[in-house]
Amino acid sequence: MHTARYFCLLFLIFSNNSISQSKNQLTEILWLQSNTPPFHLNSESAQTGLCDNLTEQLISSIKDVKHTRLVVPQKRINKY
19 MHTARYFCLL
29 FLIFSNNSIS
39 QSKNQLTEIL
49 WLQSNTPPFH
59 LNSESAQTGL
69 CDNLTEQLIS
79 SIKDVKHTRL
89 VVPQKRINKY
């Protein structure tokens, strides 16, 4: 019985600690892209690749955060 109480107490302490750490608000998301069809396509009207569509949906659903797109060579993406 005492073990269960200690377990619950430890759980509350650690969950409270993780909640207080999550209060650091995210202010910017850097979206890295490369010229890699069919994931990212460059067209005159809009970006129409598979990942381009997913990125657009995420950007439109995540409010109050600055979104920046950066097009870099594929080998450079791993350096970020």
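Take the sequence shown: its letters are residues 19 to 98, numbered as in the numbering used here. Beta carbons: idealized from backbone N, C-alpha and C, even for Gly.
#1: So, with DSSP's three-state summary, where would you put residue 45?
#2: Between 70, 93 and 81, which lies nearest to residue 49 when the distance is taken from Cα to Cα?
#3: Rounded to a whole number of angstroms, what is the C-alpha to C-alpha distance between residue 66 and residue 42?
#4: DSSP state of residue 73, grouped into three classes?
#5: Roughly how many angstroms lie between the CA atoms of residue 74 and residue 96, to the nearest whole one?
Let's see:
#1: coil
#2: 70
#3: 33 Å
#4: helix
#5: 22 Å
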